[in-house]
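J.: Please read through the structure below; I'll follow up with questions.
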């Protein structure tokens, strides 16, 4: 046989190239085919079974240069030196002639290699084992998340009669968003008086901001309660009205269900709109024609903001905008708002906006002087729903890295008195018991006598702590020391009207009204200088608060009546004479403890949950240092008839009531924590476990008590609590309790002050000490229940880590391809990676995670914050926990390999789902073609199965799409289009590979399929912004996004996808430039693991860089020339021009 003469192919620059013919085995071993090898035409194919030695051609199978034992075993190849594979490039200019060494292999190895290369469905035993393990782990996580350690919820649905008045006057003259957003005023039908002329603006303005895709109508529950409470209660309290209490005018911002959680620019637009709305709302009150305007009161200058979910972030962003009016906001209450971190990091604008807003608040509170702090008068309260919130991790609601305790705090709904229940993301906006507390706290902070419409900041903080905290916190304020004596108590010397206990004697009352007339019980207060840490605890099932008018009990703190010389003998306003006319009497001046009463859930044998609809218990707790000016604690039984009930009071030492533990997490895992309490014990016991501070672990608590000898006052009750954030959970009638907390969580920024969360969890136990029986407590780690905690804390990891696996797989595919000429399947490359690069990389990441956690702990222990409560340390690195696992505890090193296994399994599942989709679409295509007679059997080789559009049309389509990206549509839309086009390319490449049964087309299919898998994992990053854009189109908002029109963010993807539609296989690179490909994919893999969770949006841009390099290989591997560019664009499929295909095989040349 003879070769074709030089220049026969139309090459304008013919060279003296070697031209030979090759005779090789066919697919079935019985046929032969012949093709040309021409160095002057890089688009020609060399059959995969040709070997070359010293420019001579031998018949034989295609062999590998890879010396790695793993690759040779997977490909069933013997030890080889060089290969020229069946791809569109015969001899690449980047390939050195010295590397073309020939080796031969057996027919059996040749058959195995072709079979494995062509079947992408094959899954090795190792990959199968890892996938099954991943599915098992994922199943456990999902089961645990849905079924285990789930906080009970007890919200009752309220009823209301809403009316929404749209403020049409707030039009385009006041804001540029008038056509997109709206403003409403809520009126309760049948309660609020309003008409078309007078909409009834007479109170304090409050603006409700809905969350992501939320409706303004979500604020109706709060607004309805505000109207009802003022109408039914407050308007009849003249004393409250004199202190500046008025009704609340609830305005509601209609964001048209916009999605601020996915797009930073949308967040900024909403904040700008809210500032415009604030100015308009205040202008309504300044209108001198407003009906009902009180000229004796100042016009409002500020509005209270209530934000749900992302509405809380909008509220904080409002104060950072250029159109913000100074002091127009001084009170912000947020519900389920992710303050510390964005809920997802897929949009760069959102991440940057969060960073700017949080930095603004931190810098404001870092100022030494109040005059330099623009937020000095602002109070911010963040309320979280707890584990029931499956939309926003409640850890993200923490303000500890943003606001000092003097200006705000974070509290959980399970902590709030008389609420005591967890809530999901939506129910927190309408829960009946919760809305009552919110509205009552607002009525306590407003004061229309001030232009700000609210009390001073310190008073507001005091009110919020009173309503939202338990009252047992270390920072809880006691009103008793600041009160004046209100009662003059006169006692006789008879024992019927009074009883005086001995020092340190416990007081226990069972039933009231045993005698006619009041009876007092006096407990002597221990003198100072005794055992330190002594405290008084009192618990009763009777109401003691000041709001209760028909109280059966009164608790007073009394001292001798001051009749010393020179001292005023002015008597208190209330005179309580219990002497019965006795000649000798004792006179005491007393203060009531009603304002310091703490509400606790009832714990009886029938109790199930803390939020049961039953009357609560009353609890008092004072340190001995707070009682130094008093001599007696006086309990007065005022019941005139027999009345059921009980009371227990005692003084206890901290040595008996506080039990510190030094158990470590390792010991707790192995043996648990067991504590035995003696029969003679205080009523209240604190058990502190500082080692338990992570939100990733859950526990099981078991309380075992013996039956009471007599009538039991109450069943054991446990309060689980941490101090920052303020999270308490109550377990009534406790025997077994599931313990989980929101302490130190992954990716959370450091605290601006002392790390209070590091003090760990504590358990406060109330038990009836009169039962004279021991009590046993055991605490164990709930391993299975802890698995579900990974779902919310690490949900973004499940999107970032699989991209690491895909990057390593593609790196391995290119490595084998550049060495052997065969682009192996995704599953085959994954098997090789599991045996080599993946374990090594995850091992390195494991050591990195451990070292990062260790270094953080070392720095935190060595640091000594000396700043005041309202300043931040400049040395604090608030991005310290952004890397890798974001964990501050080296104990969780095992999460890296755990997530690695899950990622591998996820990639396998996604790969097979993609293949099923591709083959299903291919089957549909084949059916349509066969019905229409689209391609005759003998014409398959002559008809391109790829795009039939001309080069001109393809260029025009691409240019038009890029023009739209630059002007109107976001590049995310073009990316979705590119994914669809790539899917179609995969369908056609798969069909063509099956029809031709050619290794070259199999390699091409494996290549486009792997690129498609890579694009799938980037798709979620782009889809969310695209959803926001589509939503804006739906509401006829056509203003383009300013930050999503970068053509270069999508150009490489479009060029690569367009190139692949032509059926052009990427050229091999055998020089040192091939290492650039490996480095880029490795960099993408490493970034996905280390920064992928915090800065997920950059994954698109890094992948875009990798794709740009692949495009460069496609276009310029043979040197930059218009000829190479034309070859890439004009090739219609992966076969050489002039090599017709019949029945899937290359015809023999004559």
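In the UniProt record's numbering, the protein residues as written are 1 to 1150.
The beta carbon of each residue, even a glycine, is placed where N, CA and C say it ideally should be.
For clarity, every value in this text was computed on a predicted model and none was experimentally measured.
1. Sort 589, 657, 560 by Cα distance to residue 573 and report the nearest one.
2. Below 8 Å CB to CB, which residues in the same chain sit around residue 976 once its five sequence neighbours on both sides are set aside?
3. In terms of residues, what are the limits of the alpha helix (DSSP H) holding residue 986?
4. Are the CB atoms of residue 982 and residue 1008 nearer to each other than 8 Å?
5. Under a Cβ-count criterion, where at least 16 other Cβ atoms within 10 Å of its own Cβ denotes burial, should residue 1075 be classed as buried or exposed?
6. For the beta strand (DSSP E) holding residue 510, just list the boundary residues, first then last.
7. To the nearest angstrom, report how far apart residue 656 and residue 378 are at their CA atoms.
8. Between the Cα of residue 479 and the Cα atoms of 158, 545, 587, which residue gives the shortest distance?
9. Look up residue 668 in the DSSP assignment and give the residues it is bridged to.
10. Can you tell me which residues form a DSSP beta bridge with residue 833?
11. Quick check on the burial criterion: 16 or more other C-beta atoms within 10 angstroms. Buried or exposed for residue 527?
12. Contact defined as beta carbons within less than 8 Å: I believe residue 914 pairs with residue 1012. What is the distance between those atoms, to the nearest angstrom?
13. Which residue marks the beginning of the alpha helix (DSSP H) containing residue 817, and which one marks its end?
14. Taking the continuous beta strand (DSSP E) assigned at residue 1161, which residues delimit it?
15. Which residue comes first and which comes last in the alpha helix (DSSP H) that contains residue 376?
16. From 297, 126, 958, pick the residue whose C-alpha is nearest to that of residue 243; which is it?
17. Can you round the beta-carbon distance between residue 207 and residue 282 to whole angstroms, since I take them to be within the 8 Å contact cut?
18. When DSSP builds the beta bridges, which residues end up paired with residue 726?
19. Looking only at C-alpha atoms, which of 671, 443, 650, 1005 sits nearest to residue 501?
20. Would you mind reading off the limits of the beta strand (DSSP E) that contains residue 400?
21. May I have the straight-line CA-CA distance separating residue 900 from residue 790, to the nearest angstrom?
22. Tell whether a beta-carbon distance below 8 Å holds between residue 645 and residue 552.
23. Would you say the region 600-613 touches the region 417-431, given that touching needs at least three Cβ pairs under 8 Å?
24. Assign residue 850 to one of three DSSP states: helix, strand, or coil.
25. Please report the distance separating the alpha-carbon of residue 187 from that of residue 311.
26. Counting only beta-carbon separations shorter than 8 Å, does residue 705 have a partner in chain C?
27. Within 10 angstroms of its Cβ, does residue 181 collect 16 or more other Cβ (buried), or is it exposed?
28. Looking only at its chain, what residues have a beta carbon closer than 7 Å to the beta carbon of residue 373, apart from the 5 residues adjacent to it on each side?
29. Could you tell me whether the region 801-809 touches the region 1078-1098, using the rule of 3 or more Cβ pairs below 8 Å?
30. Which same chain residues, not among the five before or five after residue 321, have their C-beta less than 8 Å away from its C-beta?
31. Tell me whether residue 929 is buried or exposed, calling it buried when 16 or more other Cβ atoms sit within 10 Å of its Cβ.
32. Quick check: what's the CA-CA separation for residue 457 versus residue 407?
33. Quick one: Cα of residue 516 to Cα of residue 148, how far?
34. What number of angstroms, rounded off, separates the C-alpha of residue 1028 from the C-alpha of residue 262?
35. Got a sec, what are the start and stop residues for the beta strand (DSSP E) residue 612 sits in?
36. What is the DSSP secondary structure of residue 1048, counted as helix, strand or coil?
T.: On the basis of the data shown:
1. 589
2. 1019, 1022, 1023, 1026
3. 971-996
4. yes
5. exposed
6. 507-512
7. 42 Å
8. 545
9. For residue 668, which the question treats as bridged, DSSP gives no partner whatsoever.
10. For residue 833, which the question treats as bridged, DSSP gives no partner whatsoever.
11. exposed
12. 6 Å
13. 797-820
14. The structure shown has nothing for residue 1161, since the chain only spans 1 to 1150.
15. That residue, residue 376, is in no alpha helix (DSSP H); it is neither H nor E in DSSP.
16. 297
17. So it is not a contact: roughly 11 Å between Cβ atoms.
18. 411
19. 650
20. Unbroken run through residue 400: none, as it is neither H nor E.
21. 14 Å
22. yes
23. yes
24. helix
25. 21 Å
26. The structure shown has no chain C; it contains just one protein chain.
27. buried
28. 364, 365, 367
29. yes
30. 268, 271, 272, 275
31. exposed
32. 8 Å
33. 54 Å
34. 7 Å
35. Residue 612 -> no beta strand (DSSP E), and no H or E assigned at all.
36. helix
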